[in-house]
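J.:
In the numbering used here, the protein residues as written are 2 to 278.
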């Protein structure tokens with residue numbers, strides 16, 4: 002079971018959906034919930050010391066404090082109504098640095114997919130990417146549209162034998178033990194990935210030994226489709242409500258130059274995705 006789950010709090014309209022999803026997971030795992038308030042402060046320009054600027058800054062800080070308190074109190078009230086133990090934490094760094102730092106004492110961090118239409122959200126370049134690369138914890142990202150009353154009943158796991166895939170499987174174990182169905186997707190990219198082939202029987206034996214459902218093996222050819230589209234097609238074909246995958250198996254430079262599954266899924270996700278790095 003996850004015993005401590007963190008959820009990102011800000012002023013965006015996706016925040017309530019994150020809280021609802023986090024509360025459902027916390028209840029299922031009998032976990033404590035940590036609300037991490039991390040909201041980008043508006044830019045402040047200083048043109049010299051003046052009484053007027055000092056007063057304006059004080060007013061701005063007071064508005065920010067009131068807004069933060071409203072979000073945190075709303076989160077605590079929702080947790081109390083759901084009978085979920087909860088605390089709040091706040092940092093002074095950028096949103097991704099705050100969530101990554103304060104989330105390290107949790108088993109799972111919940112964030113949302115970037116939504117440029119959500120103008121009140123904590124805007125930061127590559128917020129989700131920076132969080133999952135630096136937190137050292139699995140990150141559950143929710144799509145910017147849709148309702149997810151159930152997360153983790155039918156789970157699709159991406160497997161390529163890599164370190165990231167193995168880490169993702171282990172990080173998702175608490176959810177997978179409660180799943181009713183588990184699909185393991187392997188993909189034929191038309192060339193050797195240099196990782197070697199692990200017999201699927203060994204992977205299946207590991208899953209069963211860990212109390213997970215006996216996995217169903219699905220193999221897909223990505224030629225002419227691409228890795229990201231192949232994964233999302235499989236998610237739809239098997240009615241998965243959660244995707245589990247390793248993140249950034251290559252360097253950020255190669256991901257940027259060649260594209261990559263992580264960036265593709267972050268842009269086009271259709272169900273919640275648990276990333277592990």
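For each residue, glycine too, the CB sits at the ideal point set by N, CA and C.
So, residue 125 versus residue 95, is the Cβ gap smaller than 8 Å?
T.: Contact: yes.
J.: Please classify residue 189 as buried or exposed, where buried requires at least 16 neighbouring CB atoms within 10 angstroms.
T.: Exposed.
J.: In whole angstroms, give me the CA-to-CA distance for residue 37 and residue 268.
T.: Each residue's Cα considered, the two are about 24 Å apart.
J.: Going by DSSP, which residues form a beta bridge with residue 155?
T.: The partner list for residue 155 (beta bridge, DSSP) reads 182.
J.: Output needed for residue 1: all residues of its chain with C-beta closer than 6 Å, excluding positions within five of it in sequence on either side, in chain order.
T.: In this structure the chain extends from 2 to 278, so residue 1 is not present and cannot be described.
J.: Using three-state DSSP, classify residue 120 as helix, strand or coil.
T.: If DSSP states are grouped into helix, strand and coil, residue 120 belongs with coil.
J.: Can you give the Cα-Cα distance for residue 218 and residue 210, rounded to whole angstroms?
T.: Each residue's alpha carbon lies about 17 Å from the other.
J.: I'd like the list of long-range same chain contacts for residue 181, defined as Cβ closer than 8 Å, with 5 residues on each side in sequence excluded.
T.: So the list reads 154, 155 and 214, once near-sequence residues are dropped.
J.: Beta carbon of residue 225, beta carbon of residue 265: below 8 Å?
T.: Going by C-beta atoms, residue 225 is not nearer than 8 Å to residue 265.
J.: Among residues of its own chain, excluding the 5 on either side of residue 135, which ones have a beta-carbon nearer than 6 Å to its beta-carbon?
T.: 101, listed in sequence order.
J.: Could you give the distance in angstroms between the alpha-carbon of residue 13 and the alpha-carbon of residue 115?
T.: Approximately 11 Å, taken between the alpha carbons.
J.: Using 8 Å for Cβ pairs, my map puts residue 109 next to residue 249. What's the rounded Cβ distance?
T.: Not really, about 18 Å apart at Cβ, beyond 8 Å.
J.: Please go through the same chain and pick out, in chain order, the residues whose beta-carbon is closer than 8 Å to the beta-carbon of residue 77, but skip the five residues on each side of it.
T.: The answer, listed in chain order, is 36, 87 and 89.
J.: Can you list the alpha helix (DSSP H) stretches of 4 or more residues lying completely in the region 217-248, in chain order?
T.: List check, alpha helix (DSSP H) in window: 228-238.
J.: Would you identify the three-state DSSP class for residue 71, choosing helix, strand or coil?
T.: In this structure, residue 71 counts as helix in the three-state DSSP scheme.
J.: I'd like the ranges of any beta strand (DSSP E) spanning at least 3 consecutive residues and lying wholly in the region 6-39.
T.: Counting only runs of 3 or more, we get 33-38.
J.: Does DSSP put residue 126 in a helix, a strand or coil?
T.: Note: residue 126 maps to coil in three-state DSSP.
J.: If we call anything under 8 Å between Cβ atoms a contact, is residue 273 one with residue 141?
T.: In this structure, residue 141 lies closer than 8 Å to residue 273 by Cβ.
J.: Evaluate residue 236 with the Cβ neighbour count: other Cβ atoms within 10 Å of its Cβ, from every protein chain shown; 16 or more gives buried, anything less gives exposed.
T.: Buried is the call here.
J.: Report the three-state DSSP secondary structure of residue 143 (helix, strand or coil).
T.: Three-state DSSP puts residue 143 in a strand.
J.: Looking at residue 39: is its Cβ nearer than 8 Å to the Cβ of residue 6?
T.: Not in contact: residue 39 and residue 6 (Cβ atoms no closer than 8 Å).
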